[in-house]
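Taken in order, the sequence shown gives residues 52 to 652; the numbers are from the numbering used here. So the structure is just underneath, and the comments pick up after that.
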Amino acid sequence: MREVASMYFTMIAVFLVVLVVALQGTAPRESPFPYTVPLDPQGLLELSWNVSYPLRLVHFQVLVKEPKFGLLFGMSDRGEFENADLAVLWSDGRNSYFGDAWSDEEGQLHMDSQQDYQLLGAHKAPEGLYLLFRRAFSTCDPKDYVIEDGTVHLIYGILEQPVHSLQAINTSAIPTGLQRVQLLKPNISVPELPSDMQSMAITAPDVVIPSQETTYWCYMVELPEKFPKHHIVMYEPVITAGNEALVHHMEVFQCAAEQGSVPGYNGPCDAKMKPAQLNVCRHVLAAWAMGAQAFYYPEEAGLAFGGPGSSRYLRLEIHYHNPLVFKGRRDSSGIRLYYTARLRRYDAGILELGLVYTPVMAIPPGEAEFQLSGYCTDKCTRLALPPAGIRVFASQLHTHLAGRRVVTVLAREGRARRVLNADTHYSPHFQEIRMLKELVPVLPGDELITTCTYNTQDRSRATVGGFGIMEEMCVNYVHYYPQTQLELCKSAVDPGYLRRYFNLVNRFNDEEVCTCPRVSVPQQFASVPWNAFNRDVLRSLYGFAPISVHCNKSSAVRFPGEWEKQPLPEVTELRDAAPRCPPAPAARPPAPVALHLGRGQ
């Protein structure tokens, strides 16, 4: 009777979720949970979810395909089990319990006095155990994680033995892992697709996934000769069955037209035998990351490829994440492009914002948080944008391995007006083109400021800007229409002021920093003794020194004008809205919810 009652209330809970979704329009009608990802590499844990923006809630469904004695599921800053916010299901061998918990700096679990993971139901099925619960975006509980628009690091743990209490769970002694997703997907309806739409699958040619944790695989594709201009209107992932937990993210790049022919290649992106010409293949056509669905262009715009002035050569890049070091797994994953010969009203464009790829922008070693900002100035947008401006509909943030946070702010008339895109839990291992919740107009005279925060605590030398994976970038690729001649709007500190910095370091330190022209900037940074004074002065330099602005056309030529030694834009910062929290309820002892899932498990 207990099990029948449990299933009855579970069915009611699921019905209510479907009803809420239908009323709020947060998911397609055919599925109450439109988003699904595997949590673990074996695919034994499957997470599905939906989002209700009016109610500011996320509904979660976890499928445990091989139930044991419990599950930990939650969120933390970087995927660690310390200072984490958790929903916990555990069994003492006779009964099962569910509760909202948090972990301290040692990873010890504690029942939360405010139970914000709300259980809606749990039941067993032939495919496994379903656990259904919900959570508000923000709970005003200091122990809870705030669910934001960017990347969320989901963590999980599997209890393989019964435990007599929540406090008895030792997170360091159980199988654990993490998965990165964007939980708060934008609520955007799917546009109508053209009747003449064609498709092109750009996939790996039956690759043997290397038996190592991380691999970036590159494969060159050539379009047919005289391939005419088309508009890409959507794209979607093509994942080889069984590899859903190994294919982490994928991108399709178009090569620079000026390069001419590019040799074929199929192999690791960091291999010494990789042709150098592949480095010019950096124009992003499509990007997908685990958890993302198909990407649709607005009905009025499409991304042009093919035709005169467009390279025929494309590079597919796949990030394989193989932490269990599987051997012999073959893969033919990739991205399928959908395109039309009936050109839409607008060509979509891609504009690079942020920092120029140059070593003059550097991060000292041992820094927990070090910020660098790149500027697209009002002078550039006034000169390069049409009178009616452009409309930004999507954005892809990008750094290398030291990046931790990225934000682009739009400023007008000296005041920050809105955040164009932000990811406060950014991971360089999870990059995708993300649709914005609404079109963002950018007008002539606007400024776009992209700020990246880096962590170099694991490094002993300065990290300079550049193309190498151990060098750094700070980029926001914004997708917009109508396309303009402006392809890059970025900045870097004036080199003359950096030379003054090195001279100052020479004067105030016993060690000599050579500032001779024959010594490169990376070499000069490598010789800096990184004491507190030298760190603070460099941070201050980047905060006041004039900048070199790159206001570039697609030909890599700057628009006419004076772009060196430009003053740093002065912008009034945006104020963070303080959360509105109701008065805290009277404290009461927290208690888990008892479940009846059958004896033992």
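The C-beta atom is built at its ideal place from N, Cα and C for all residues, glycine as well.
Counting only the same chain and skipping the five closest in sequence on each side, list residues whose C-beta sits under 7 Å from that of Arg107.
Here the set comprises Ala187 and Phe188.
Quick check on the DSSP output: what are the complete beta strand (DSSP E) runs of length 3 or more inside the region 537 to 594, in order along the chain?
As summarised for the region 537 to 594, the continuous beta strand (DSSP E) elements at least 3 residues long and confined to that stretch are 537 to 544, given in chain order.
Count the C-beta pairs between the region 590 to 608 and the region 422 to 432 that are closer than 8 Å, then say yes if the count reaches three, no if not.
Touching, yes.
Just mark Thr507 as buried or exposed, buried being the case when its beta carbon has 16 or more other beta carbons within 10 Å.
Classification of Thr507: buried, given that the 10 Å Cβ count is 16 or more.
Same chain, Cβ closer than 7 Å to Ala577, five either side skipped, listed in chain order
Excluding positions up to five away in sequence, the list reads Arg512 and Ala513.
Sequence-distant residues of its chain with Cβ nearer than 6 Å to Leu98 (five each side left out)
Spatial neighbours of Leu98 in its own chain (CB-CB distance under 6 Å, excluding positions within 5 residues in sequence) are listed in chain order as Val88, Leu90 and Val113.
Using a 10 Å radius around the Cβ and a threshold of 16 neighbouring Cβ atoms, would you call Glu302 buried or exposed?
Under a 10 Å Cβ-count criterion, Glu302 is classified as buried, with 16 or more other Cβ atoms of the shown protein chains found around its own Cβ.
Please name the residue in Asn294, Gly357, Phe120 and Ala340 whose C-alpha comes closest to that of Met251.
If we check each option's Cα against that of Met251, Gly357 comes out closest.
Considering just the uninterrupted stretch of the alpha helix (DSSP H) at Ala435, what are its terminal residues?
Here the alpha helix (DSSP H) through Ala435 covers Asp429 to Ala435.
What are the residues that DSSP puts in a beta bridge with Leu490?
In the DSSP output, where bridge partners are listed per residue, Leu490 has none listed.
Considering Cα atoms alone, identify which of Arg366, Leu539, Thr432 and Lys541 is closest to Ile494.
The question names Ile, yet the displayed sequence has Leu at residue 494. Here the closest residue by C-alpha is Thr432.
Can you tell me where the beta strand (DSSP E) with Gln249 in it begins and where it stops?
Note, Gln249: beta strand (DSSP E), Gln249 to Thr254.
Determine the direct distance from the alpha carbon of Leu402 to that of Pro226, and round the result to whole angstroms.
Approximately 43 Å between the Cα atoms of the pair.
Taking Cys332 as the reference, which of Arg366, Ala338, Ser312 and Phe346 has the closest Cα?
Nearest of Arg366, Ala338, Ser312 and Phe346 to Cys332, Cα basis: Arg366.
Own chain partners of Gly76 with C-beta closer than 8 Å, once the 5 adjacent residues on each side are dropped:
At Gly76, the pLDDT of 37 sits below 50, so the modelled position is not reliable; the number obtained from the coordinates is stated separately. Taking Gly76 as the centre and dropping the five residues before and after it, the same chain places the C-beta of Asn238 closer than 8 Å to its C-beta, in chain order.
Classify Arg53 as helix, strand or coil using the three-state DSSP reduction.
For Arg53, the predicted structure reports a pLDDT of 45, less than 50, and the residue's modelled location is therefore unreliable. A value from the coordinates is still provided. Residue state, collapsed to three classes: helix.
C-beta atoms of Leu229 and Gly121 nearer than 7 Å:
Cβ atoms of Leu229 and Gly121: not closer than 7 Å.
Run the CB neighbour count on Leu244, radius 10 Å, all protein chains shown included, and call it buried at 16 or more, exposed below.
Counting Cβ neighbours within 10 Å, Leu244 comes out exposed, since fewer than 16 surround it.
Based on the DSSP secondary-structure assignment, which residues constitute the bridge partners of Thr266?
Thr266 is bridged to Tyr371.
What first and last residue would you give for the beta strand (DSSP E) that runs through Val197?
Counting along the chain, Val197 falls outside any beta strand (DSSP E), and DSSP gives it neither H nor E.
For Leu646 and Phe149, what's the separation of their Cα atoms in angstroms?
Here the alpha carbon of Leu646 sits roughly 7 Å from the alpha carbon of Phe149.
Please tell me whether His451 and Pro492 are closer than 7 Å, where the distance is taken between their beta carbons.
No, the pair does not count as a contact, with Cβ atoms beyond the cut-off.
Is the beta carbon of Ser127 closer than 7 Å to that of Ile198?
No, the pair does not count as a contact, with Cβ atoms beyond the cut-off.
Please state if the CB of Val460 and the CB of Ile500 are separated by a distance shorter than 7 Å.
Between Ile500 and Val460, the C-beta spacing is below 7 Å.
If we call anything under 7 Å between Cβ atoms a contact, is Val115 one with Val109?
Cβ distance not < 7 Å, so Val115 and Val109 don't count as in contact.
Quick one: Cα of Gly94 to Cα of Phe377, how far?
Looking at the two C-alpha atoms, the distance is approximately 13 Å.
Are the beta-carbon atoms of Val588 and Tyr531 separated by less than 7 Å?
No, these two residues do not count as a Cβ contact at 7 Å.
If you reduce the DSSP assignment to three classes, tell me which class Ser223 lands in.
Here Ser223 carries a helix assignment [DSSP, helix/strand/coil].
Look at the alpha carbon of Ala607 and the alpha carbon of Glu538, and state the distance between them as a whole number of angstroms.
Ala607 and Glu538: Cα-Cα distance of roughly 8 Å.
Taking the C-alpha atoms as reference points, what is the distance between Met341 and Asn373?
When rounded, the distance between both Cα atoms is 14 Å.
When burial is assigned at 16 or more other CB atoms within 10 Å of the CB, is Ile220 buried or exposed?
Here Ile220 is buried, its C-beta having at least 16 other C-beta atoms within 10 Å.
Alpha-carbon to alpha-carbon, Leu434 and Leu297:
Rounded to whole angstroms, Leu297 and Leu434 show a C-alpha spacing of 46 Å.
Between the region 276 to 294 and the region 385 to 394, can you find at least three pairs of beta-carbon atoms closer than 8 Å?
Yes, since at least three Cβ pairs between the region 385 to 394 and the region 276 to 294 fall closer than 8 Å, the two stretches touch.
Out of Tyr181, His161, Pro177 and Ala176, state which residue places its alpha-carbon closest to the alpha-carbon of Leu170.
Nearest option by C-alpha distance: Tyr181.
Once you ignore the five residues that flank Glu117 on each side, which residues in its own chain have a CB closer than 8 Å to its CB?
If we look at Glu117 and ignore the five residues flanking it on each side, its Cβ neighbours are Leu95 and Gly179.
Any beta strand (DSSP E) of 3 or more consecutive residues that is wholly inside the region 114 to 179:
Whole beta strand (DSSP E) segments, 3+ residues: 121 to 127, 136 to 142, 147 to 154, 160 to 162 and 169 to 176.
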